[in-house]
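Colleague: Got a structure for you, written out below as structure tokens; questions coming shortly.
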Amino acid sequence: MENKTVNIKINGNDYTVDGSLTILKACRQAGISIPTLCYMENICEEGSCGICVVEVAKSHTLQRACITQVYDGMEIQTNTSRVRQARKTILELILANHPQDCLNCAASEICELRKISYDLGIDETPFEPTKDLDLPLDTTSPAIVRDLNKCILCRRCVKECEIVQSVNVIEIAGRGINSKVSCFMDKGLGESYCTNCGQCIKVCPVGALTEKNDVDRVWDYLADPKKHVVVQTAPAVRVALGEEFGMPVGSLVTGKMAAGVRRLGFDGVFDTDFAADLTILEEGTEFIGRLTKVLNGESAHLPLITSCSPGWIKFIEHFFPKCLPNVSSCKSPQQMFGAVTKTYYAQQKNLDPRDVICVSVMPCTAKKYECLRPEMDDAFDHWKDKLMLKDEDHFQDVDVAITTRELGRMMKEVGIDFEHLPEESFDSPLGESTGAAVIFGATGGVMEAALRTVYEVVTGQALPKVELEIVRGMKGIRTADIPMVSADGKEIIAKVAIASGLGNARVLLEEVSNGTSPYHFIEIMACPGGCLNGGGQPISNDPNVCEKRAAALYSQDEAITIRKSHDNPEIKKIYENYFEKPNSHLAHELLHTSYVERDLYELEKEDN
Amino acid sequence: MKFYRMHVLVAEDTRSIMAGAKRVEEALVEEIRLAGLEDEIRVVPTGSLGFSDKDQVAIAIYPDNIIYCPVLVSTVPEIVEEHFLKGRIIKALAHPMEQKEVTMEERTSENQMNLDIQKRILLENVGKIDPENIQEYIAADGYVALEKALFSLTPEKVIDEVKKSELRGRGGAGFPTGLKWQFTRPNPGPVKYVICNADEGEPGTFKDREIMEGDPHKMIEGMILAAYAVGGTHGYIYIRGEYALSIQRLQKAIDACYEYGLLGKNILGTDFSFELCIHSGAGAYICGEETALINSIEGKRGEPRKKPPYPPSQGLWQKPTLVNNVETFANIPAIISNGGEWYQSIGVEGSRGTKLFSLMGDINWKGTIEIPFGTSVGDIIDNIGHGVRYDRKLKGVILGGSSGSLLVPEELNTPVDFHSLAHIEAGPGSGSIVVMDETRCIVDICLNIAEFFRHESCGKCTPCREGTAQICHLLEMIASGNGLPEDIDHLEKISQTMMDASFCPLGQTAPSVLRQALKKYRQEFLDHIHNSNCPAGVCNMNFTEEV
Ligand SMILES: Cc1cc2nc3c(=O)[nH]c(=O)nc-3n(C[C@H](O)[C@H](O)[C@H](O)COP(=O)(O)O)c2cc1C
Ligand code: SF4
Ligand code: SF4
């Protein structure tokens, strides 16, 4: 692309800028911010909200800064009274059809509509509503709640779902004032092929999309003296929770987080990282098994694809069911943790598994769906005969999954002064973990952690350098060749690929699907950047949020002395005392799972 | 070929058909057969004869130059018996306007007498030939222009002629057609589309339909010429599904063209090829906007795209695409046959040629008219429309459709051309002239238009989606006697914002009649608001506090 510069005037001042820029970008470069409610670079460039309009000499209408390219000699005015009047009137028109219930809106603090209205000095709309503002909430999804009354039709969610995630489950239906965000056939999100990734929540400028609030269920369990309530916190939570309390993006708050959840009254404060280490041993073993088979000329499904990300799992079940045999049979760390809690841990602590409640804090909305999957009750099956459990005793491996944001809300609710909490540690035994587990929270982390172990198992030697920089980064798809020499002298080059964001996952999956995938091992995370940018994480407008949170994770990895999953002493113990060895019979019973082929239009079929 | 002593032309435009034209045609054929005249008299369907606004069936008889209207199935035997067998004109049935015998000639000469107002280039064949018979079009010098172009003009020369003619697009925006073709031609690629915009979404407007029903080949010839000029390979006629008769006649015409080698591979034996088909749309007004139309053909939601890129560089399926209106294309054959200079001699500076209008409202004669540019609005109303009906006073005129402009009686001497109309913030727009007499209420009219736009806004952008609904709400309040003084300011403010900040011309122009009404008929709004009084007695002022 040629980079032609052009001379333009903004508010009377001369600028020379790249001719490919939009007015919005040129103004931002010049330090002039232009408000917008719909724009997301490269993702949502629809020009729908109309807030970003500016005056351009010789144009008879105002021009949308977000989608209008600059040209040589362009004269732009960003703050004339005509511009301000248009912006204000648009906001007043939106507000006329927006419920005025900021007080009890989950998005109140981050609402862009509220902020822009305030900035533009609007205190009240002079207009009356022109549509029904009493639509029922869409609560069909276990992960995401949709309140169309609050929706301002900016279309960010539609575009995020289409362009970034390639899921395309939401669209605009209807025309004019009756248009609304909708799923196919006006179905609820939970009745559609939504993957529950929650990326739409993160882009919604208002409170029309939120996670399903499960905080009250957690409080109820905590209040029940009969219950032994344990909590597990996922790797990515510790690099984001601080933001809920105003700490800078990328603050690492592991110790404060442990202290904070302890003060909420949990009986066991544990770490999903423990289960992440367990995952590495199970999945690493599975990988070596398949790879060895293939190298020996036997058949096995390669590439092996990771299974930690439940949004990703639902995606492949809907869109590429043929490729399911390539997915690792390992449960995600959340679910391994739940199963272990209600078997191994309950046994050790001499607790009735029916009284053990496992709450997980996740950066993810899809985890709410995952823990409800009917097959995720292996602890119950495990005890069923031994304790003669009845059907009404049924329990899930993980009882409730809440997001980082919900945990923040719980702590605020009880007045925890988060920033001034002391640093505490997790409880034993499920609180012990390694640097390998912590980096699970970043895209490429599972791959790096797995390779740290796999390399050692295959070669009998430690990796020359623990940090595998080659698999790190925020590029949507990354690939690497990892040369290894096995103990018996065979040279193996493990070809690996990493994708984050379902749109990128789709690219790799097309190859797997048509048999042209050159890889042995693929890591996929549903959210762009991995769990650290999950749909349940604090919503940030920092453009480098992913990089900063990732840096925090990698710094924690470096600070931990044990950096490989197989070196975790508690993991060694659990195999010695309980599972025997990775992929053992008991491990298969509790730590592995299976998948379902799903139709895109499941309900349609049920209906007729 | 058989020789008939008499031709009976039955007006079979959509409204006539609704009024029973098909049954009349069948009855005529049957009665003529019973009378043993089937070898002497031929019954032919044709386009509108100008009576369809009364929902009556009209027939024209050649060479006697008689129009009968209204014709019912029950009157057919009498016509056959009296006129066809005995040669006596049935005076009671002849042109009813003045209850006297009116011949086609008289009707035209009547109009010509009136300042030579109508000039028929586009409609020359309408009502004269059988639109379902390609031979009749060919006999009327049809496809002569195409032959001329293919065998003696280069594509560039065709574009030159169109540029010379100074033809401007008839779809509303008035963009110079030759220039648009010139932009389209150099864009490379093996596939290039030519689309005819036959959406005609404006309520009550039917001037494009008149061409498609009455003389479909003229438009198709224009499209083939356009394709030849810009290098088009594939064509679509995007037409609203409701235009069933147009679709049927266009399809017949296209089939005939394929049969005659005028479409398809190697047209007329040259190496120029062009495929053409019909795409019938869902009927949303916004789908008339060219980029929304393109989205609609692609199977996407009918919403406008951002421009640039413009269709000539990236249109249908990202390929270079030429979009022109029906009437624009229908002008092309005459321009190529007679030369751009000939066309340029008709009309006035900046607005060349003739223009179709749908004349409607409170007027004595309604229908589609063709006038050279430069005729004044007043002339059209008085001399073609025979004045305001029931001798009432004229209140105003809506020119150019719902998104057009509002003319007060003092502005009626404005000539209809792009330049003069621009002076009074008006334009030919979608080609309609709606006459309003003194019994009309301006608030009610604005409310009707507002309801239309509330319904037709695509919803993509906030100013239009919310603005159309809010304007509608405010006007409902005013029309029901619940308006507040500040509502006028609110209406003005919203209108301004919609004009300034709507994404596409639909939203930008939706408030234009309202804005002019607030200026030109302000007192009427104030009467509604302050005195709860509708001076025309149209609005139902019910004083309810809550609505
Ligand atoms: C809301 C809207 C509706 C339109 N409807 C029509 C229509 O029904 N027919 C038409 O020919 N052009 C319509 N247009 C104009 C087209 O976008 C386009 O300018 C035209 O088809 C170009 O043809 P022309 O150059 O021959 O005028 C409409 C434009 C807008 C904004
Ligand atoms: S739900 Fe939120 S993101 Fe989606 S269109 Fe509505 S306001 Fe925008
Ligand atoms: S102005 Fe906006 S909402 Fe209205 S039709 Fe155009 S794009 Fe759609």
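In the order they appear, the protein sequences are chains A and B. Counted from 1, the first sequence has number 489 at position 342 by the working numbering; the numbering is strictly sequential. Counted from 1, the second sequence has number 449 at position 403 by the working numbering; the numbering is strictly sequential. Just so you know, even glycine gets a beta-carbon here, dropped at the ideal spot from N, CA and C.
(1) At 3 residues or longer, what runs of the beta strand (DSSP E) sit wholly inside the segment 431-490 of chain B?
(2) Using 6 Å as the cut-off, classify the Cβ of B/R347 as near or not near the heavy atoms of ligand 3, replying yes or no.
(3) Comparing C-alpha positions only, which one of B/S422, B/A106, B/A330 and B/L131 sits nearest to B/G82?
(4) My output table needs one value for A/A583: the three-state DSSP class, helix, strand or coil.
(5) Between A/C678 and A/F587, how many whole angstroms is the CB-CB distance? I'm expecting something under 8 Å.
(6) At a cut-off of 6 Å, is A/V292 close to ligand 2 when judged by its beta-carbon and the heavy atoms of the ligand?
(7) Specify whether the segment 455-472 of chain B and the segment 418-430 of chain B touch according to this definition: at least 3 beta carbon pairs, one from each stretch, less than 8 Å apart.
(8) Is any beta-carbon of chain A found at less than 7 Å from that of B/T555?
(9) Contact between the segment 555-562 of chain B and the segment 194-202 of chain A: three or more CB pairs below 8 Å?
(10) Pull out every residue of the segment 501-527 of chain B whose Cβ sits closer than 9 Å to any Cβ of chain A, in chain order.
(11) Return the CA-CA distance between B/M406 and B/V489, expressed in angstroms with no decimal places.
(12) In whole angstroms, give me the CA-to-CA distance for B/V54 and B/R88.
(13) Throw me the rounded Cβ distance for the A/K478 and A/H739 pair, which I believe falls under 8 Å.
(14) Output the residue ranges of the beta strand (DSSP E) runs that lie fully inside the segment 161-217 of chain A and measure 3 residues or longer, sorted by chain position.
(15) Taking the C-alpha atoms as reference points, what is the distance between B/A106 and B/P116?
(16) Report the rounded CA-to-CA distance for A/D420 versus A/V593, giving the unit in angstroms.
(17) With distances taken between CB atoms, is the gap from B/C492 to B/A582 smaller than 7 Å?
(18) Does at least one heavy atom of ligand 5 sit under 6 Å from the Cβ of A/C191?
(19) If we define contact as Cβ-Cβ less than 7 Å, is A/F726 a contact residue for chain B?
(20) Label A/S507 either buried or exposed according to how many other C-beta atoms from any shown protein chain fall within 10 Å of its C-beta, with 16 as the threshold for buried.
(21) Which residue from A/H713, A/E445 and A/L498 puts its Cα closest to that of A/K374?
(22) With distance defined between alpha-carbon atoms, name the residue in B/D408, B/G133, B/G477 and B/L452 nearest to B/H432.
(23) Kindly provide the ranges of any alpha helix (DSSP H) runs that are 4 or more residues long and lie completely inside the segment 316-368 of chain A, ordered along the chain.
(24) Between the beta-carbon of B/L118 and the beta-carbon of B/A57, is there less than 7 Å?
(25) Which chain B residues are close to A/N244, counting only those with a beta carbon under 7 Å from its beta carbon?
(26) For A/L238, which option in A/R261, A/I640, A/L656 and A/I155 has the closest C-alpha, if you only look at C-alpha atoms?
(27) Give me the Cα-Cα distance between A/A699 and A/S398, rounded to the nearest whole angstrom.
(28) Per DSSP, B/Y108 is paired with what?
(29) Closer than 7 Å, CB to CB, is B/F130 near chain A or not?
(30) Does the structure place the segment 382-390 of chain B close enough to the segment 185-194 of chain B that three or more beta carbon pairs sit under 8 Å?
(31) Counting only beta-carbon atoms, is A/I214 nearer than 7 Å to chain B?
(32) Run down chain B in chain order and give the residues with a C-beta less than 9 Å from the C-beta of A/F274.
(33) Since I believe B/T223 is in contact with B/N370 (beta carbons under 8 Å), could you give me their beta-carbon distance rounded to a whole number of angstroms?
(34) Taking the runs of the alpha helix (DSSP H) that are 4 residues or longer, which of them lie wholly in the segment 249-327 of chain A?
(35) May I have a chain-ordered list of the alpha helix (DSSP H) segments no shorter than 4 residues that lie completely inside the segment 468-504 of chain A?
Modeller: Considering the structure as presented:
(1) Secondary structure within the segment 431-490 of chain B: the beta strand (DSSP E) runs of 3 or more consecutive residues, fully enclosed, are 440-445, 451-453 and 478-483 (chain order).
(2) Indexing the second sequence from 1 puts residue 347 of chain B at position 301. No.
(3) Numbered from its first residue, the second sequence carries residue 82 of chain B at position 36. Of the candidates B/S422, B/A106, B/A330 and B/L131, the one whose C-alpha sits nearest the C-alpha of B/G82 is B/L131.
(4) Position 436 of the first sequence holds residue 583 of chain A. If DSSP states are grouped into helix, strand and coil, A/A583 belongs with the helices.
(5) Within the first sequence, residue 678 of chain A is the residue found at index 531, counting from 1. Within the first sequence, residue 587 of chain A is the residue found at index 440, counting from 1. At roughly 7 Å, the Cβ-Cβ gap stays under 8 Å, so A/C678 and A/F587 are in contact.
(6) Here residue 292 of chain A refers to the residue found at position 145 of the first sequence. No, the Cβ of A/V292 stays beyond 6 Å of every heavy atom of ligand 2.
(7) Cβ pair count under 8 Å is three or more, so yes.
(8) Position 509 of the second sequence, counted from the first residue, corresponds to residue 555 of chain B. Residue contact check for B/T555 against chain A: no CB pair falls below 7 Å.
(9) Counting Cβ pairs under 8 Å, fewer than three are found: no touch.
(10) Answer set for the segment 501-527 of chain B: H501, E502, S503, C504, G505, K506, C507, T508, P509, C510, R511, E512, G513, T514, A515, Q516, C518, H519, L520 and M523.
(11) Against the second sequence, residue 406 of chain B aligns to sequence position 360. Against the second sequence, residue 489 of chain B aligns to sequence position 443. Cα to Cα, B/M406 sits roughly 19 Å from B/V489.
(12) Within the second sequence, residue 54 of chain B is the residue found at index 8, counting from 1. Within the second sequence, residue 88 of chain B is the residue found at index 42, counting from 1. Taking the Cα positions, B/V54 is about 6 Å away from B/R88.
(13) Along the first sequence, one-based indexing puts residue 478 of chain A at 331. Along the first sequence, one-based indexing puts residue 739 of chain A at 592. Yes, they are in contact, since the Cβ atoms of A/K478 and A/H739 sit about 6 Å apart, within 8 Å.
(14) Entirely contained in the segment 161-217 of chain A, the beta strand (DSSP E) runs reaching 3 residues are, in chain order, 200-203.
(15) Here residue 106 of chain B is taken as the residue at index 60 of the second sequence, counted from 1. Here residue 116 of chain B is taken as the residue at index 70 of the second sequence, counted from 1. Rounded to the nearest whole angstrom, the C-alpha separation of B/A106 and B/P116 is 11 Å.
(16) Your numbering for residue 420 of chain A matches position 273 in the first sequence. Your numbering for residue 593 of chain A matches position 446 in the first sequence. One C-alpha to the other measures close to 11 Å.
(17) Within the second sequence, numbered from 1, the residue matching residue 492 of chain B stands at position 446. Within the second sequence, numbered from 1, the residue matching residue 582 of chain B stands at position 536. Taking 7 Å as the Cβ cut-off, B/C492 and B/A582 do not qualify as a contacting pair.
(18) Ligand 5 is not part of the structure shown, which contains ligand 1, ligand 2 and ligand 3 as its ligands.
(19) Within the first sequence, the letter at position 579 stands for residue 726 of chain A. It does not; no Cβ of chain B falls within 7 Å.
(20) Here residue 507 of chain A is taken as the residue at index 360 of the first sequence, counted from 1. A/S507 is buried by the Cβ-count criterion.
(21) As a working note, residue 374 of chain A is residue 227 in the first sequence. Measuring from the Cα of A/K374, the nearest candidate turns out to be A/L498.
(22) For the purposes of this step, residue 432 of chain B is taken as the residue at position 386 of the second sequence. Answer by Cα proximity: B/D408.
(23) The qualifying runs are 346-350.
(24) Walking along the second sequence from the start, residue 118 of chain B turns up at place 72. Walking along the second sequence from the start, residue 57 of chain B turns up at place 11. Contact flag unset, no.
(25) As a first step, residue 244 of chain A must be located in the first sequence, where it is residue number 97. Those are E512, listed as they occur along chain B.
(26) Locating residue 238 of chain A in the first sequence gives position 91, counting from the first residue. Closest in alpha carbon position to A/L238, among A/R261, A/I640, A/L656 and A/I155, is A/R261.
(27) For the purposes of this step, residue 699 of chain A is taken as residue 552 along the first sequence, with counting starting at 1. For the purposes of this step, residue 398 of chain A is taken as residue 251 along the first sequence, with counting starting at 1. CA-to-CA, the gap between A/A699 and A/S398 works out to about 7 Å.
(28) Residue numbering aside, residue 108 of chain B sits at position 62 when the second sequence is read from its first letter. According to DSSP, which records beta bridges pairwise, B/Y108 is partnered with B/H53.
(29) The sequence position of residue 130 of chain B within the second sequence is 84, counting from 1. No, B/F130 does not count as interfacial toward chain A.
(30) In short, these stretches touch, since the Cβ pair count reaches three.
(31) As a position in the first sequence, residue 214 of chain A is number 67, starting the count at 1. Yes, because at least one Cβ of chain B sits closer than 7 Å to the Cβ of A/I214.
(32) Looking up residue 274 of chain A in the first sequence gives position 127. Simply E512, Q516, H519, L520, H536 and I540.
(33) Here the question's residue 370 of chain B lines up with position 324 in the second sequence. Here the question's residue 223 of chain B lines up with position 177 in the second sequence. Yes, they are in contact, since the Cβ atoms of B/N370 and B/T223 sit about 7 Å apart, within 8 Å.
(34) Counting whole runs of 4 or more residues, the segment 249-327 of chain A contains the alpha helix (DSSP H) stretches 259-266 and 303-306.
(35) The qualifying runs are 480-487 and 493-496.
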